[in-house]
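Notes follow once the structure below has been shown.
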Amino acid sequence: MIKFFILLSCTLSLAFLTTLTVALENEKGFAVNDLKIAVTSDVSGRKLYESISYPSSIEEPIHLAQGDDLKMIFVLQDKQTNKGIQPHQALVILTSEKTGNQVPLIVRVRINGKSKFELDMKSPPKEILSSPGNYSFNLVIGTFSHNHPLNYHIGTVEIDLPSTPEKTNSQVGYGPKPEISHIFRSSEKLPPLFLSYTFVLFTLIPWIFLIISWANLEVNISLFKKATVPSLIIILLFLSSIVAIEILLYNYWTHLNIFETLLWLTGLSVMSFITGQKTLSNVQEWRLSGVR
Amino acid sequence: MRNLNILLLFFLVILLSGFHIESKSTTGDRVLVLLDKEADKILYKKFFATLEKENKLSYKLPTDSSLDLFEFGERKYDHVINFAPKTKKYVDKVNPLSLIKFMNSGGNIILATTSKTSENIRDFVREFDIEIDDKDTFVIDHFNYDISDEGKHTLVIIDNNKGNSDDSITNNPAILSKKVIEGSPILFRGIGHKVGSSPLLAKILWGRNTSYSYEVRGEDQKSIVDQEPFISGNNIGLVTALQARNNARITLVGSLDFFSDRFFDSPVHNVITSEKFPKSGNEDFAIDLVKWTFQKKGVIKVTSRQHHKEGETEQLETYRIKDNITYTIEISEYANDQWQAFNGTDVQFEAIMLDPYIRKTLTPLPVTSSPDSESRKFITNIQLPDVYGVFTFRVNYKRPGYTYIDDKSVVAIRPFRHNEYPRFISAAYPYYTVTASMIVAFLTFSTVWIFNEDSSIKNKMKKTN
Numbered sequence: 001m002i003k004f005f006i007l008l009s010c011t012l013s014l015a016f017l018t019t020l021t022v023a024l025e026n027e028k029g030f031a032v033n034d035l036k037i038a039v040t041s042d043v044s045g046r047k048l049y050e051s052i053s054y055p056s057s058i059e060e061p062i063h064l065a066q067g068d069d070l071k072m073i074f075v076l077q078d079k080q081t082n083k084g085i086q087p088h089q090a091l092v093i094l095t096s097e098k099t100g101n102q103v104p105l106i107v108r109v110r111i112n113g114k115s116k117f118e119l120d121m122k123s124p125p126k127e128i129l130s131s132p133g134n135y136s137f138n139l140v141i142g143t144f145s146h147n148h149p150l151n152y153h154i155g156t157v158e159i160d161l162p163s164t165p166e167k168t169n170s171q172v173g174y175g176p177k178p179e180i181s182h183i184f185r186s187s188e189k190l191p192p193l194f195l196s197y198t199f200v201l202f203t204l205i206p207w208i209f210l211i212i213s214w215a216n217l218e219v220n221i222s223l224f225k226k227a228t229v230p231s232l233i234i235i236l237l238f239l240s241s242i243v244a245i246e247i248l249l250y251n252y253w254t255h256l257n258i259f260e261t262l263l264w265l266t267g268l269s270v271m272s273f274i275t276g277q278k279t280l281s282n283v284q285e286w287r288l289s290g291v292r
Numbered sequence: 001m002r003n004l005n006i007l008l009l010f011f012l013v014i015l016l017s018g019f020h021i022e023s024k025s026t027t028g029d030r031v032l033v034l035l036d037k038e039a040d041k042i043l044y045k046k047f048f049a050t051l052e053k054e055n056k057l058s059y060k061l062p063t064d065s066s067l068d069l070f071e072f073g074e075r076k077y078d079h080v081i082n083f084a085p086k087t088k089k090y091v092d093k094v095n096p097l098s099l100i101k102f103m104n105s106g107g108n109i110i111l112a113t114t115s116k117t118s119e120n121i122r123d124f125v126r127e128f129d130i131e132i133d134d135k136d137t138f139v140i141d142h143f144n145y146d147i148s149d150e151g152k153h154t155l156v157i158i159d160n161n162k163g164n165s166d167d168s169i170t171n172n173p174a175i176l177s178k179k180v181i182e183g184s185p186i187l188f189r190g191i192g193h194k195v196g197s198s199p200l201l202a203k204i205l206w207g208r209n210t211s212y213s214y215e216v217r218g219e220d221q222k223s224i225v226d227q228e229p230f231i232s233g234n235n236i237g238l239v240t241a242l243q244a245r246n247n248a249r250i251t252l253v254g255s256l257d258f259f260s261d262r263f264f265d266s267p268v269h270n271v272i273t274s275e276k277f278p279k280s281g282n283e284d285f286a287i288d289l290v291k292w293t294f295q296k297k298g299v300i301k302v303t304s305r306q307h308h309k310e311g312e313t314e315q316l317e318t319y320r321i322k323d324n325i326t327y328t329i330e331i332s333e334y335a336n337d338q339w340q341a342f343n344g345t346d347v348q349f350e351a352i353m354l355d356p357y358i359r360k361t362l363t364p365l366p367v368t369s370s371p372d373s374e375s376r377k378f379i380t381n382i383q384l385p386d387v388y389g390v391f392t393f394r395v396n397y398k399r400p401g402y403t404y405i406d407d408k409s410v411v412a413i414r415p416f417r418h419n420e421y422p423r424f425i426s427a428a429y430p431y432y433t434v435t436a437s438m439i440v441a442f443l444t445f446s447t448v449w450i451f452n453e454d455s456s457i458k459n460k461m462k463k464t465n
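Residue numbers (the UniProt record's numbering), protein chains in the order written: chain A, 1 to 292; chain B, 1 to 465.
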């Protein structure tokens, strides 16, 4: 146990010492010099030629279409010795501004520091092919021996390719889904209300004829005054029972069911039968007595 | 005497088991720890000490022939911590297939890998749509490495969440607590992995934009990156979790050192930016990872559901088309070692007959009844579609980090009955009028017929008399 700790502390201190010495030794950086970018097109020849120096970047988006070829050359030099260096990490990273997806691409660095990068749109990486658009164009260089790595934003490339959408990815991430509201079937189209009311008026026309003809025939209800009180009560009961049956049938139409209706109807029909018979007897009496 | 001893022991066991404190996990507290070497245990002393407070740990080597995950067909352990990525040959009882079976029966796994990860483990994680980078590769970042790094720039620092687009840590509150998300940076040394597109996977920690995964060959480091790295930048998975459809959880941590006492206690000093922190965030992060993986957080359940016509309270089995109904579901979340009200706001209701006809986000109700209420009600009012048939009312809540809810209740939706159609439609006004005028005419005629005094008849009768 103790042995282990001694060993551990030894390695730790050793590691610390080495890093310390490395840190002291390596207060040095490297520089990117003579950076040139060219875009050539197989249709119109050279589209762009630009020479920039760190840390400035190209303002205008670099337009890349089908058949274009982007080339970038630069020299990597140690700041102190001015000798070329060959870093472990020399990558161009294209980051999609739409999805945030990163595409790493290799920069070829020779031992003398001369570096070359090429992005040929004849055979672009499939990630780019699947989602064209704007990509930020960064040069990332990192070494083990220099303590100032470089993340150089050179500009933006605008990739203008016919989008070849990847096979639709059926697996979507979990998350809230769009809301769906049911679209109800539209109710049946009805004729305009005006037409309905017009025909309502038409149906009421027979009343006019009825009233005129009754007036001509001198229709009257003068027997109402001549009837005796008991017979009048019976007659009124009979008439009101008919009215009640009509009201019951209206309720049947709107909300009652057949059984409730039949129950009511039984009572009312018995009443109307009895009072109706009495009424008819009255009428007959009147006829026999010669009042009608 | 001996018998007496055994008897005493027996009673003691019964007594102790009576006092046994119930596990705080929603699944259990039996943990199997797999180590490459027995001696490795000492490297993760702090981590295991934290775990032992709430769990029963058994330490085993994956080559131990007595090892078995199951006993009489039942899980023998609730969780597995696999800290043995280097062991090439596991005994059959813990090989990838058995571990998958273990997960299928609801067990949870924490798996840590290193650059020397064996093919065995690689096979296992391929089952989850995760591909670990080649052997001997490391996650390298020349921009964010700790001062105690040994010149290989593999001891990378992952900053806390700053709310930027280039954050490398999830801000999912179901998995990580606020303290960790906003806490100290995290130290990582190990291997990266590529995370597939399965929705069951949740990235927890991933590479910084400038990092890449590559070999660091030899001491002179003369090798250079001469082909595109398998993964780089934010495509590198460092810590990734998967929650299977049965809610079993697995967390893959790319760095075994991540859990070591050394990393837990280490200060953080970024060489490039010179940012300093007295202590790394590893310990808090590891505790959260364990809590999540062992189902002590991010666990939700439905406690009740109800549907009824608006303005009524009785739950019916049959509704009519176009009925207005109220749907309520109560959801509870396990957090801080107790069930409490769930705070989600995106719970959705669906009315489905083959396809969803209606999908609506439920409104969470404030918990008013009592402060320590164990659940929250989510409510909505909907009008049922004008299509009849057997519908399923479904709350299918699947969010990264939370256990899945898929609550279904089946109801029948019937069409209008003959007497439920509208009684008065404008097109039929003439018909109603005709009927009404018929009735009035009949009543008038009856009255007139009864009371009419016909003068002509009277005259005629007088004449005949």
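The C-beta atom is built at its ideal place from N, Cα and C for all residues, glycine as well.
With a threshold of 6 Å on Cβ separation, who are the neighbours of residue i within its own chain once the five nearest residues in sequence on each side are excluded?
{"i": "B:K225", "result": "What sits at residue 225 of chain B in the sequence shown is Val, not Lys. Excluding positions up to five away in sequence, the list reads Y214."}
{"i": "B:P278", "result": "P267"}
{"i": "B:L242", "result": "F128, L200, L201 and I250"}
{"i": "A:L35", "result": "I52 and F74"}
{"i": "A:R108", "result": "K116"}
Taking 7 Å as the limit between beta carbons, can you name the residues of its chain near residue i, skipping five residues before and five after?
{"i": "B:S266", "result": "S148, L187 and S280"}
{"i": "B:Y77", "result": "R30, V31, L32, L69 and G107"}
{"i": "B:F259", "result": "Y44, F47, A112 and A286"}
{"i": "B:E182", "result": "N160 and N161"}
For residue i, which residues in the same chain have their Cβ closer than 8 Å to its Cβ, ignoring the five residues on either side in sequence?
{"i": "B:P85", "result": "D36, L111, A112, T113, T114, K116, T117, S118, I121 and L256"}
{"i": "A:I234", "result": "T275, K278, T279 and N282"}
{"i": "residue 495 of chain B", "result": "With chain B running from 1 to 465 in the structure shown, residue 495 of chain B is simply not present."}
Count the other CB atoms, across all protein chains shown, that sit within 10 Å of the CB of residue i; report buried if there are 16 or more and exposed otherwise.
{"i": "B:D123", "result": "exposed"}
{"i": "A:T266", "result": "exposed"}
{"i": "A:A23", "result": "A caution first: A:A23 carries a pLDDT of 45, below 50, which makes its placement in the model unreliable, though a value can still be read off. Counting Cβ neighbours within 10 Å, A:A23 comes out exposed, since fewer than 16 surround it."}
{"i": "A:G100", "result": "exposed"}
{"i": "B:E22", "result": "Interpretation of B:E22 is limited by its pLDDT of 44, a score under 50 that renders its predicted location unreliable; no figure is taken from the coordinates."}
{"i": "residue 335 of chain A", "result": "Past the boundaries of the shown model lies residue 335 of chain A; chain A is included only from 1 to 292, so the question cannot be answered."}
{"i": "A:M121", "result": "buried"}
{"i": "B:V410", "result": "exposed"}
{"i": "B:A39", "result": "exposed"}
Would you check if the distance between the CB atom of residue i and the CB atom of residue j is smaller than 8 Å?
{"i": "B:V80", "j": "B:L34", "result": "yes"}
{"i": "A:F238", "j": "A:T203", "result": "no"}
{"i": "B:I450", "j": "A:V283", "result": "yes"}
{"i": "B:V434", "j": "B:Y397", "result": "no"}
{"i": "A:A65", "j": "A:Y49", "result": "no"}
{"i": "B:L252", "j": "B:V395", "result": "no"}
{"i": "A:R292", "j": "B:N452", "result": "yes"}
{"i": "B:D129", "j": "B:S198", "result": "yes"}
{"i": "A:H153", "j": "B:I358", "result": "no"}
{"i": "A:K98", "j": "A:F30", "result": "no"}
{"i": "B:T210", "j": "A:V140", "result": "yes"}
{"i": "B:V195", "j": "B:T240", "result": "yes"}
{"i": "A:N138", "j": "A:I93", "result": "yes"}
Does chain B have any CB closer than 8 Å to the CB of residue i?
{"i": "A:W253", "result": "yes"}
{"i": "A:I274", "result": "no"}
{"i": "A:T168", "result": "Its pLDDT being 48, under 50, A:T168 is placed unreliably by the model, and the measurement read from it follows with that caveat. With 8 Å as the cut-off, A:T168 does not count as an interface residue toward chain B."}
{"i": "A:P149", "result": "yes"}
{"i": "A:P162", "result": "no"}
{"i": "A:T279", "result": "yes"}
Step through the CB atoms of chain A and report whether any lies within less than 8 Å of the CB of residue i.
{"i": "B:G190", "result": "no"}
{"i": "B:P278", "result": "no"}
{"i": "B:E310", "result": "no"}
Which residues in chain C sit within 8 Å of residue i, going by Cβ to Cβ distance?
{"i": "B:Y429", "result": "Absent from the structure: chain C. Protein chains present are A and B."}
**Prompt:** In chain order, what residues of the segment 219-244 of chain A put their CB closer than 7 Å to some CB of chain B?
**Reply:** Hits within the stretch, in order: V219, N220, I221, S222, L223, F224, I235, L239, I242 and V243.
**Item:** Proximal residues, the segment 163-176 of chain B versus chain A, C-beta separation under 8 Å
**Value:** Residues S165.
**Message:** Using a Cβ-Cβ cutoff of 8 Å, what residues of the segment 192-222 of chain A are near chain B? List them in chain order.
**Reply:** The residues in question are L193, S196, Y197, F199, V200, F202, T203, L204, P206, W207, L210, W214, E218, V219, N220, I221 and S222.
**Prompt:** Which residues, taken in chain order from the segment 38-55 of chain A, show a beta carbon closer than 7 Å to some beta carbon of chain B?
**Reply:** Residues: none.
**Asked** Just by C-beta distance, which residues in the segment 172-185 of chain A are closer than 8 Å to chain B?
**Response** Taking 8 Å as the upper bound on Cβ-Cβ separation, chain B lies near residues V172, G173, Y174, G175, P176, K177, P178, E179, I180, S181, H182, F184 and R185 of the segment 172-185 of chain A.
**Asked** Name the residues in the segment 233-252 of chain B whose C-beta lies less than 7 Å from a C-beta of chain A; which are they?
**Response** Against chain A - using a Cβ distance shorter than 7 Å - the residues of the segment 233-252 of chain B are G233, N234 and N235.
**Message:** Can you pull out the residues from the segment 92-106 of chain A whose beta carbon lies closer than 8 Å to at least one beta carbon of chain B?
**Reply:** Residues of the segment 92-106 of chain A with a Cβ closer than 8 Å to any Cβ of chain B, in chain order: I93, T95, G100, N101, Q102, P104, L105 and I106.
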